Amino acid sequence: MALCCASGFATAAEPAVTIEAVPFSPGVVNARPCFPGAYYRKAVSDTAHWRGITGVIVLPKFLLDPSRRDPATGKALDNPSVYMGGSADGQEIDAGVSYEIVKEPDGRASTERKAFRPFWRNQSWSSGPADPRYYYYAGDTLRMTVETTSPGTLGMEIVCLERGEEGRAELARYSDAGTTEPNDFLSTLTVQFDAKKFGPSVKQEFKRVNAIDQVGREAKSVIKSATRVEGAVWQQCWLLREGERLPFIPQRFDDMRCPSVENIVVKPGGEPGRGGEVITILGDNAVGMKGLEIPGPDAFTPFTMNHEERFLVAPREARMTRGENETVWVSDIEHLMWEATGERFLADDPTSPVVLARDTVPAGNSFQLFPYHYLGEDEATTLGAVPKYHLVVSNETTQPLTVTIDGMGKTKSWGHEHAWRPALVGEGVTSFTLAVGEERTLWHEKNLRAGYPWSAVVLGHTTGDLTVTDYCYLGDDDPGSDAPLMPDMAWPPHLLASFSRGLIDWFTADVAVLPDAHGEKGQLPLSAFAAKEATSLAFGYSPGGPINNLCDYRVVQPTFVNDVMRVLDPLSGWDHVFFGGNYPAIYRFELPLVNDSRATKTLSFHLASNDRFGVHSTAGVLVDGRFLRAVTPALKEESRWHVWSLTLGAGESRTVKMTIVPLGGLWGGFVGTFTRSGV
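Counting from 582, one number per residue, gives the positions in the sequence shown under the numbering used here.
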């Protein structure tokens, strides 16, 4: 086997003749039997003198079932993949990309799968180089080709044409990532491998496959899963023949949707006449709720209402119950120096070393660790370098304690959703015991960037008092976490509007909408939402700082009097309302809806920014297993994000569960609105 890897743009040689594309039309589904052990969509050609297959794909996003993990290793048991291959005289070949572990910037193997990586399987499984140029992420655009050019050999070429937002953010962690421009880490990987039954003159078939593979289940029935893989966009796909290429459209392939057509959603996309389509794969437990439509993050509805808008304020109209035995550990600090005094807030400062935050999560509590930091370019220039960062937990009690991480995400970009989404869906699940005096690092980052924030969301619980500390330093040697705390800069003389540090005593909020309208079975009838009225509630509001001159930007009063977060600083002993749009609250809605009429009706939910200055707020919403992120328009713009609609026939009932987290803007307040349609 010969392997050749080259960085930079590359264009695979195209056949001299291109057959004109033909219009899209559906083909026959599941004309061949399904192979057990995976959820997948396979498009496979007939057996003829084909030489290969090529296509351009935008890699999908996915949401893994948090319950499907190996209890020994914590690794996910569902694995997204996109690959090509073929069959010749009984020999089956797979070659493409599969979601795998990577080599971290410090040289260690990651503890969980983090990127799509090249693979090929003939007699055995082989993986591509452990090199960040060949790590691919959701939103990256690849051209993938599998072709035979000589007897007994197949070649695979993967060309990274463009990096998506996640790919640019992830690759910025590696020391040789100079910028986050789209042409960073564009690459070409070419590999030749044995395929004894294949050859240019052989009758053979070729395929492309989008799959959720299940570890250890090959040739066995799938285990029901809530994993979903969404938005894999084949922009084009072509079958290759001597001197020509033909669009790989339904007329030219058998369409396999396995184990059932219910698990696969295929829509025209890209260039449908040239093999383009969009594929979503749903585990059995992720098959969408009947009647629920989720338009997506770009669905904005004009809201020049012809009817009244009713804001819920009374407890009988809406209630919010804060979580008990909860703690948020906050380190929202966006300056590492104070120019007026020359103070530097670094753990290895030679004169006054300090840590950013240190506080204790009480025993038995659920916790959210919420570090959010920013280093301006001017500060980085003055400091002479971009610092390194540590987030650590330690046991400073007299007994061992056990920490369970229920979900963790982190990011070094403005996209705070890259921290929230993994935490909410249960990525990074693990459990460990800390001996007396033991410390464990949750996040060590050597490659921060000036002018960009870095943040994390860690959800979990602890059996004992858990000390949490974070700090920055400039040198090569880790100074440790023992330095004293930096000052509380929310108060004089600093009065920083971007400083919130300490503990908050809640972070989940269960929101009940129209609780007194629920019937004997606990269901909320659609008739409780008036047909000529928009029913709204305001939540997630926090004012802007500084503490001596709070900025009140809300248009409407928050619905709930207990919807406020106060953060208690461990050094000063003073508390204040939390400043910031990246708000640590998690708002949970459970709506057991029933259509109590004799006609079909639709209930819709919308979001807008509660900001009188016209500033947009960014929301993250988890609904029906999908995590969506959108910038919500300000109320005065008369447009709102259309999050979902549920259509119910007469007497039908469904329960919609939704989680909303504020992701930023200036401060992050929202107005959520229900509207009902149907006669």
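By construction, the Cβ of each residue, glycine as well, lies at the ideal position given by its N, Cα and C atoms.
Since we're looking at a predicted model, the values are computed, not measured.
Under the three-state reduction of DSSP, A750 is assigned to helix. Below 8 angstroms, enough C-beta pairs join the stretch 1219-1229 and the stretch 1172-1181 to call them touching: three or more. Residue environment for A800: exposed (fewer than 16 other C-beta atoms within 10 angstroms of its C-beta). Taking G745 as the centre and dropping the five residues before and after it, the same chain places the C-beta of V639, L640, Y718, A719, G720, D721 and T722 closer than 8 angstroms to its C-beta, in chain order.
When the alpha-carbon of W919 is set against those of F787, T861 and P1068, the nearest one is in P1068. Ranked by Cα distance from W995, the options V1006, I1085, N1163 and D929 are led by N1163.
According to DSSP, V796 shares a beta bridge with no other residue. With fewer than 16 other Cβ atoms from the protein chains shown falling within 10 Å of its own Cβ, R1021 counts as exposed. Comparing alpha-carbon positions, the option among L1095, S1108, G904 and A899 lying closest to P1139 turns out to be A899.
If you draw a 10 Å sphere on the C-beta of R1221, you find 16 or more other C-beta atoms in it, and that means buried.
Note on D1058: under 16 other CB atoms within 10 angstroms of its CB, so exposed under the neighbour-count rule.
About 5 angstroms separates the beta carbons of A1119 and V1252, which is inside the 8 angstroms limit, making them a contact pair. Annotation for W1024: no alpha helix (DSSP H) segment contains it, though the beta strand (DSSP E) segment containing it runs E1020 to E1026.
Contact annotation: the stretch 1038-1047 touches the stretch 977-990, with at least three C-beta pairs closer than 8 angstroms. Comparing alpha carbon positions, the residue from A813, P831 and G736 closest to N611 is P831. According to DSSP, residue pairing for G677 in a beta bridge involves Y664 and F700.
Scanning R1082, C1132, R754 and G1007 for the CA closest to the CA of L1029 turns up R754. Collapsing the DSSP output to three states places S731 in a strand. Spatial neighbours of W1001 in its own chain (CB-CB distance under 7 angstroms, excluding positions within 5 residues in sequence) are listed in chain order as G990, V1038, G1201, V1242 and L1244.
Residue pairing by DSSP places D836 opposite V610 and A624 in a beta bridge. R694 is bridged by DSSP to nothing; it lacks a bridge partner. Under DSSP, G736 takes part in a beta bridge, and its partners are E728 and Q773. Here N791 carries a strand assignment [DSSP, helix/strand/coil]. Annotated as distal: L821 and T628, with beta-carbon spacing of 8 angstroms or more. Looking only at F1159, P614 and Q1104, the smallest Cα-Cα distance to P1124 is reached by F1159. When DSSP reads this structure, R1082 sits in a beta bridge with S912. With a threshold of 16 other beta carbon atoms within 10 Å, E728 meets it and is buried. Assignment of alpha helix (DSSP H) within the stretch 1057-1140, counting only whole runs of 4 or more residues, yields no such run. The C-alpha of W910 lies about 12 angstroms from the C-alpha of N946. With respect to the 8 angstroms criterion, E907 and T1089 are classified as neighbours on the basis of their beta carbons. Annotation: the continuous alpha helix (DSSP H) that includes A961 extends over E958 to L964.
Note that the C-beta distance between Q773 and T734 is below 8 angstroms.
A direct Cα-Cα distance of roughly 20 angstroms separates D836 from S802.
In the DSSP assignment, Y717 is bridged to F697. Rounded to whole angstroms, V967 and A961 show a C-alpha spacing of 6 angstroms. Note on D1150: 16 or more other CB atoms within 10 angstroms of its CB, so buried under the neighbour-count rule.
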